[in-house]
Amino acid sequence: ALGLSRQEDRRVYAVNEVSLSVDQGEVLGLVGESGCGKSTVGRMIAGLLPATSGDLAFEGKDMSRPSVDTHLNIQMVFQNPYASLNPRQRVDQVISEAAIYHGLIRKKDASSFVAGLLQQVGLDASYASRYPHQFSGGQRQRIAIARALALNPKFIVCDEAVSALDVSVQAQILNLFMDLRESKGLTYLFISHNLAVVEYIADRVAIMYLGRIVELADTRSVFARPNHPYTQALIADAPRLDAKVVEHRPIQGELPSPLKPPSGCTFHPRCPHAMPRCSQERPALTSIAPGHWSACHLNDTGASA
Ligand code: SF4
Ligand code: MG
27 ALGLSRQEDR RVYAVNEVSL SVDQGEVLGL VGESGCGKST VGRMIAGLLP ATSGDLAFEG
87 KDMSRPSVDT HLNIQMVFQN PYASLNPRQR VDQVISEAAI YHGLIRKKDA SSFVAGLLQQ
147 VGLDASYASR YPHQFSGGQR QRIAIARALA LNPKFIVCDE AVSALDVSVQ AQILNLFMDL
207 RESKGLTYLF ISHNLAVVEY IADRVAIMYL GRIVELADTR SVFARPNHPY TQALIADAPR
267 LDAKVVEHRP IQGELPSPLK PPSGCTFHPR CPHAMPRCSQ ERPALTSIAP GHWSACHLND
327 TGASA
């Protein structure tokens with residue numbers, strides 16, 4: 027289930043009965059192992075996939091029956107800038123096509139429009155007449171970002187948007203996202219399996235495991251005082267953003283199928299602290315400190331029983 031609705035000027039997202047509110051201008055990181063459902067959440071929010079159930083609204087508009095204008099507010103930037111750009115389209119077509127189609131600009135204004143967007147993403151206006159294969163991975167991701175900006179979104183869902191890039195280029199693209207947040211008041215859902223990237227860019231972090239949020243807090247709290255055993259394991263394994271050699275020590279056990287999740291706390295087969303009740307009762311996401319939420323029976327005062 028995914029819910030998305032507007033409450034005053036916060037937008038509220040619910041994934042499997044959990045609400046996530048995102049402030050305007052905020053970067054909310056969404057972290058988890060591949061297969062945990064993070065991309066599904068991002069695509070549901072962007073309207074590329076229907077929500078499995080529940081209400082889906084953005085700025086008061088029902089998005090369970092999507093309309094064009096609501097979806098233009100939300101754009102996605104994907105992992106692979108090689109696959110997401112049509113190799114037969116020139117950069118100016120890539121960037122301006124949807125804006126022309128949706129009537130946001132007139133065709134005769136496209137070249138100045140494209141030049142302005144290229145400049146906003148740190149590329150030279152002369153690149154407009156080139157093709158995607160003529161660019162590096164980082165440049166292609168800048169083109170994909172310019173294409174997203176062309177529709178004047180309020181919200182950008184970044185799904186592993188820097189994961190395919192060299193570490194030095196990752197930092198440049200992350201800084202571009204931050205600059206665009208400042209200049210355009212953008213809000214981001216930043217989906218990544220890479221905790222170091224999320225620690226760098228996000229204001230708050232939601233940790234997802236098998237389709238549920240298991241921990242949610244401001245970024246500093248998540249990294250300084252991770253509460254959920256899954257979050258603790260992720261952070262213990264995380265390579266640093268500046269690491270030359272990425273050493274991957276996966277968490278013990280396989281990620282179970284989200285279609286057949288384990289009973290009770292879905293993390294219990296892999297959790298070093300699992301207790302008998304963990305396989306029977308699903309822990310609720312509860313507040314453990316102001317703004318800090320975790321779903322683990324260890325937080326119950328009566329857990330020792
Ligand atoms: Fe581990 Fe139990 Fe907490 Fe789940 S509820 S994370 S199994 S201690
Ligand atoms: Mg994914």
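Counting from 27, one number per residue, gives the positions in the sequence shown under UniProt numbering. We put the beta carbon where it would ideally sit given N, CA and C, even for glycine.
Can you give the Cα-Cα distance for residue i and residue j, rounded to whole angstroms?
i, j, result
"Y108", "M301", "46 Å"
"A222", "E186", "12 Å"
"L215", "L236", "18 Å"
"L260", "I277", "7 Å"
"R156", "A124", "18 Å"
"S289", "H323", "14 Å"
"I131", "A154", "17 Å"
"S110", "S60", "19 Å"
"Q198", "V53", "17 Å"
"G63", "S283", "11 Å"
"M204", "I71", "21 Å"
"I100", "G51", "13 Å"
"H294", "P309", "11 Å"
"R168", "N325", "43 Å"
"residue 337", "A232", "No statement about residue 337 is possible, as the shown extent of the chain runs from 27 to 331 and does not include it."
"V224", "A170", "20 Å"
"Q105", "A190", "6 Å"
"S162", "R114", "16 Å"
"K286", "H159", "42 Å"
"E307", "A136", "57 Å"
"R246", "Q165", "31 Å"
"D81", "V195", "Note on D81: pLDDT 42, under 50, position unreliable in the model; the coordinate value appears next. So the two alpha carbons sit approximately 38 Å from each other."
"L206", "F181", "11 Å"
"I314", "S122", "47 Å"
Sort out for me which residues DSSP pairs residue i with in a bridge.
i, result
"V240", "Its beta-bridge partners do not exist; DSSP assigns none."
"H318", "A315"
"G55", "F216, V231"
"V103", "C184"
DSSP three-state call for residue i: helix, strand or coil?
i, result
"Q128", "With the sequence shown as reference, residue 128 is identified as His, and Gln is not the correct amino acid for it. Coil, per DSSP."
"S122", "helix"
"Y153", "helix"
"F181", "strand"
"V188", "coil"
"H323", "helix"
"P113", "coil"
"G290", "coil"
"H159", "helix"
"I199", "helix"
"P255", "helix"
"Y226", "helix"
"Q306", "coil"
"Q278", "coil"
"G148", "coil"
"P295", "helix"
"A264", "coil"
"L143", "helix"
"A174", "helix"
"G63", "coil"
"L206", "helix"
"S137", "helix"
"M70", "helix"
"A300", "coil"
"G164", "helix"
"L285", "coil"
Less than 7 Å separating the Cβ of residue i from some heavy atom of the ligand COA?
i, result
"Q278", "For the ligand COA, the structure offers nothing, since it holds only the ligand SF4 and the ligand MG."
**Prompt:** Around the ligand SF4, which residues pass a check of Cβ closer than 7 Å to any of its heavy atoms?
**Reply:** H254, P255, Y256, C291, F293, H294, C297, H299, A300, M301, C304, P309, C322, H323, L324
**Item:** Contact between the segment 139-148 and the segment 115-127 (3+ Cβ pairs under 8 Å)
**Value:** yes
**Asked** Does the segment 58-74 come close enough to the segment 203-218 to have 3 or more Cβ pairs within less than 8 Å?
**Response** The segment 203-218 and the segment 58-74 touch, with three or more beta-carbon pairs separated by less than 8 Å.
**Asked** Is there contact between the segment 199-216 and the segment 163-179, where contact requires at least three CB pairs shorter than 8 Å?
**Response** yes
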